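Going down the list, the sequences are from chains A and B. When we follow full-length UniProt numbering, the leftmost residue of the first sequence carries the number 1, and every step to the right adds one. When we follow full-length UniProt numbering, the leftmost residue of the second sequence carries the number 1, and every step to the right adds one. Where is the CB? At the ideal position from N, CA and C, for every residue including glycine. The structure presented is a predicted model; accordingly, all values stated were derived computationally and were not measured. Have a look at the structure below before the remarks.
There are 2 protein chains.
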Amino acid sequence: MPRKSGAKDPIVATSATGDETDTRERILHAANRLFAERGFDGATLREITEAARANLAAVNYYFRSKDELIRSTLESALKPIVAARLEALKACERAYPDRLPPLESLADALVRPMAELSSGENRDRLLLLLQVRTIAQAATNSVVADHFRPLHERFIDVLQKVLPNLSRAELALRYDCARGATLQILVDLAPAAQLVVSPAERATTIDRHEWLIAGLVQFVSAGLRAPPTVLRQPTTRKKAPGAATKPR
Amino acid sequence: MPRKSGAKDPIVATSATGDETDTRERILHAANRLFAERGFDGATLREITEAARANLAAVNYYFRSKDELIRSTLESALKPIVAARLEALKACERAYPDRLPPLESLADALVRPMAELSSGENRDRLLLLLQVRTIAQAATNSVVADHFRPLHERFIDVLQKVLPNLSRAELALRYDCARGATLQILVDLAPAAQLVVSPAERATTIDRHEWLIAGLVQFVSAGLRAPPTVLRQPTTRKKAPGAATKPR
DNA sequence: TCCCCATTGAAACGTTTGTATGATACAAAT
DNA sequence: ATTTGTATCATACAAACGTTTCAATGGGGA
Chain A
1 MPRKSGAKDP
11 IVATSATGDE
21 TDTRERILHA
31 ANRLFAERGF
41 DGATLREITE
51 AARANLAAVN
61 YYFRSKDELI
71 RSTLESALKP
81 IVAARLEALK
91 ACERAYPDRL
101 PPLESLADAL
111 VRPMAELSSG
121 ENRDRLLLLL
131 QVRTIAQAAT
141 NSVVADHFRP
151 LHERFIDVLQ
161 KVLPNLSRAE
171 LALRYDCARG
181 ATLQILVDLA
191 PAAQLVVSPA
201 ERATTIDRHE
211 WLIAGLVQFV
221 SAGLRAPPTV
231 LRQPTTRKKA
241 PGAATKPR
Chain B
1 MPRKSGAKDP
11 IVATSATGDE
21 TDTRERILHA
31 ANRLFAERGF
41 DGATLREITE
51 AARANLAAVN
61 YYFRSKDELI
71 RSTLESALKP
81 IVAARLEALK
91 ACERAYPDRL
101 PPLESLADAL
111 VRPMAELSSG
121 ENRDRLLLLL
131 QVRTIAQAAT
141 NSVVADHFRP
151 LHERFIDVLQ
161 KVLPNLSRAE
171 LALRYDCARG
181 ATLQILVDLA
191 PAAQLVVSPA
201 ERATTIDRHE
211 WLIAGLVQFV
221 SAGLRAPPTV
231 LRQPTTRKKA
241 PGAATKPR
């Protein structure tokens with residue numbers, strides 16, 4: 001059966017009707033979960049379609065290939081977190097119409113949406129695991145970067161106003177630091193924190209979720225607020241404390 | 001070649017003599033690189049053995065299976081970074097025999113070894129990529145965690161002395177934050193920093209490597225030094241952290 | 001009613017995967 | 001010279017992979 005020329009392509013026909021969220025959506029959902037659990041290479045289409053109660057060929061029907069499914073999964077998974085962070089940033093600016101928002105509020109806007117989306121009543125950590133996986137995968141990393149770029153620029157713009165003493169380069173560096181700290185805390189499967197804390201001490205913590213967010217915000221805020229870095233001149237080639245360079 | 005009685009298993013025979021570093025070592029080296037580049041599932045044994053100029057069966061000869069190769073690769077890759085950080089910590093303590101080392105030195109001991117091992121004349125970022133991959137992979141994550149645990153405990157112990165006002169739980173949390181920030185900065189393939197900084201501004205940076213380390217240390221030190229987190233009671237309606245505790 | 005077409009289903013495709021097998025080369029010990 | 005054990009090689013194998021094909025299905029306009 002020869003296909004008509006681009007008339008009704010099932011791959012792009014979803015948003016047209018609007019309620020076709022059946023098989024395609026189930027596949028996307030299952031793929032999200034399994035990609036996060038076992039990685040993009042580790043999760044097979046057979047597992048995904050089985051979990052989605054769909055036929056194996058459905059993947060190649062709704063998406064062209066596994067690569068396209070990965071891309072679609074990333075887009076659908078990243079959209080909520082970007083939107084939530086952007087919304088939190090806007091709300092933060094709205095709360096302080098005349099003056100600049102405090103740094104703690106900005107840090108909260110950066111940290112909280114990801115914490116809510118990952119550990120809340122929502123699916124558990126899948127979004128974060130997906131994100132971590134894409135960091136190491138050059139192919140998917142560009143997709144993620146493209147989605148996040150506007151958000152990052154918005155955040156750095158606001159931070160630049162709050163912290164005018166920092167160069168934009170250093171500010172961007174610290175923004176990356178903040179992202180890394182957030183990701184690490186929320187995704188790490190074996191954090192040093194959990195190993196160290198005694199059960200009794202953990203029991204006193206009323207709400208671990210809120211405690212994590214508060215601690216993260218505290219750390220990130222202080223890190224962002226640090227005075228500008230002054231590079232030690234290498235004129236005196238004195239090794240830094242604890243250098244102990246190992247020759248190869 | 002002197003030979004002991006009993007079964008000589010080639011799998012455990014390497015560390016005995018010490019100079020048998022030929023094919024087995026080449027495979028380990030190639031596996032390190034390819035696992036980091038394409039992931040544990042993405043890198044095939046045929047690619048690895050070809051890159052190592054070894055026969056395909058050599059993997060199952062020196063290691064029992066691909067899983068064992070992954071484990072061996074992780075161990076050999078993690079050992080240097082753990083040793084380097086531990087050595088840096090010891091050197092830091094040695095440099096201040098009578099009083100406690102400054103926080104910046106401790107942060108440097110945490111950050112610098114990984115930066116040196118990843119971006120120096122050494123192989124590029126492979127160790128970091130490996131580490132990031134293991135974060136998301138539950139199976140390999142335990143191996144990594146086991147290797148890092150003594151190091152983490154040592155670091156947190158020292159930090160606890162320098163920052164006695166923090167609970168051990170919060171200290172461990174901030175230590176994880178510091179690890180996350182370090183990992184993110186050193187591994188990220190598409191950092192916001194690189195996208196934002198103008199080429200001119202980057203040109204002024206004499207040594208980007210040293211600049212990254214200094215900025216990281218500055219951020220981490222300030223984050224660790226932040227005052228203890230006070231949990232805001234959720235009785236208040238809106239999340240308006242107005243408690244802007246001025247640092248000094 | 002019929003036809004159309006988007007969707008689903010089962011089965012097979014060719015390729016690539018990790019692993020296993022047996023032959024062979026080589027060097028030291030017997 | 002023969003034996004012995006280590007190491008490397010080409011090759012084979014079953015399983016699993018992503019992808020394709022084609023028939024069956026079913027509901028909505030004509």
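Residue i, buried or exposed, once every other Cβ within 10 Å from all chains shown has been counted against 16
i, result
"T44 of chain A", "exposed"
"N165 of chain B", "exposed"
"S142 of chain B", "exposed"
"A77 of chain A", "buried"
"S221 of chain A", "buried"
"E170 of chain A", "buried"
"T73 of chain A", "buried"
"V230 of chain A", "exposed"
"R38 of chain A", "buried"
CA-to-CA distance, residue j to residue i, given in whole angstroms
i, j, result
"V59 of chain B", "A136 of chain B", "25 Å"
"A226 of chain A", "A145 of chain B", "30 Å"
"V132 of chain B", "A36 of chain A", "14 Å"
"A88 of chain A", "T134 of chain A", "24 Å"
"residue 252 of chain A", "R232 of chain A", "Here chain A comprises residues numbered 1 to 248, so residue 252 of chain A is not present and cannot be evaluated."
"E210 of chain A", "F219 of chain A", "14 Å"
"Y62 of chain B", "T140 of chain B", "20 Å"
"T23 of chain B", "E153 of chain B", "36 Å"
"R64 of chain A", "L56 of chain A", "13 Å"
"L159 of chain B", "L106 of chain B", "8 Å"
"K90 of chain A", "K79 of chain A", "16 Å"
"D207 of chain A", "P97 of chain B", "41 Å"
"R33 of chain A", "P228 of chain A", "42 Å"
"L69 of chain B", "D67 of chain A", "28 Å"
"E93 of chain A", "R168 of chain A", "20 Å"
"residue 294 of chain B", "A138 of chain A", "Residue coverage of chain B in this structure runs from 1 to 248, which leaves residue 294 of chain B outside it and unanswerable."
"K161 of chain B", "A95 of chain B", "16 Å"
For residue i, the first and last residue of its enclosing alpha helix (DSSP H)
i, result
"Q86 of chain B", "Residue identity differs from the one stated: residue 86 of chain B is Leu in this sequence, not Gln. Where L86 of chain B is concerned, the enclosing alpha helix (DSSP H) stretches over K66 to A95."
"D22 of chain B", "Here D22 of chain B belongs to no alpha helix (DSSP H), and DSSP marks it neither H nor E."
"D157 of chain A", "A138 to V162"
"N60 of chain A", "A57 to Y62"
"R168 of chain A", "R168 to V187"
"R53 of chain A", "Here R53 of chain A belongs to no alpha helix (DSSP H), and DSSP marks it neither H nor E."
"R225 of chain B", "R208 to R225"
heavy atom of the ligand SAH below 7 Å from residue i C-beta
i, result
"A51 of chain B", "With respect to the ligand SAH, the structure offers nothing, as it holds no ligand at all."
Presumed contact (8 Å Cβ cut-off) between residue i and residue j, rounded CB distance
i, j, result
"V82 of chain B", "L151 of chain B", "5 Å"
"L224 of chain B", "L163 of chain B", "7 Å"
"A181 of chain A", "I156 of chain A", "Actually they do not touch by this definition, with Cβ atoms about 16 Å apart."
"R71 of chain A", "A109 of chain A", "Not confirmed; about 28 Å, so no contact."
"H147 of chain A", "E75 of chain A", "7 Å"
Next item on the list: Report yes or no: do the stretch 32-46 of chain A and the stretch 88-104 of chain A share at least 3 C-beta pairs separated by less than 8 Å?
Entry: The stretch 32-46 of chain A vs the stretch 88-104 of chain A: no contact.
Check: Is the stretch 172-182 of chain B in contact with the stretch 212-219 of chain A, if contact means three or more CB pairs nearer than 8 Å?
Finding: Yes, the stretch 172-182 of chain B is in contact with the stretch 212-219 of chain A.
Next item on the list: Examine the Cβ distances between the stretch 27-35 of chain B and the stretch 47-54 of chain B and report whether three or more of them are shorter than 8 Å.
Entry: yes
Next item on the list: Could you tell me whether the stretch 180-187 of chain A touches the stretch 110-119 of chain A, where touching means 3 or more Cβ pairs closer than 8 Å?
Entry: For the pair of segments examined, the stretch 180-187 of chain A was found to touch the stretch 110-119 of chain A: the number of CB pairs separated by less than 8 Å reaches three.
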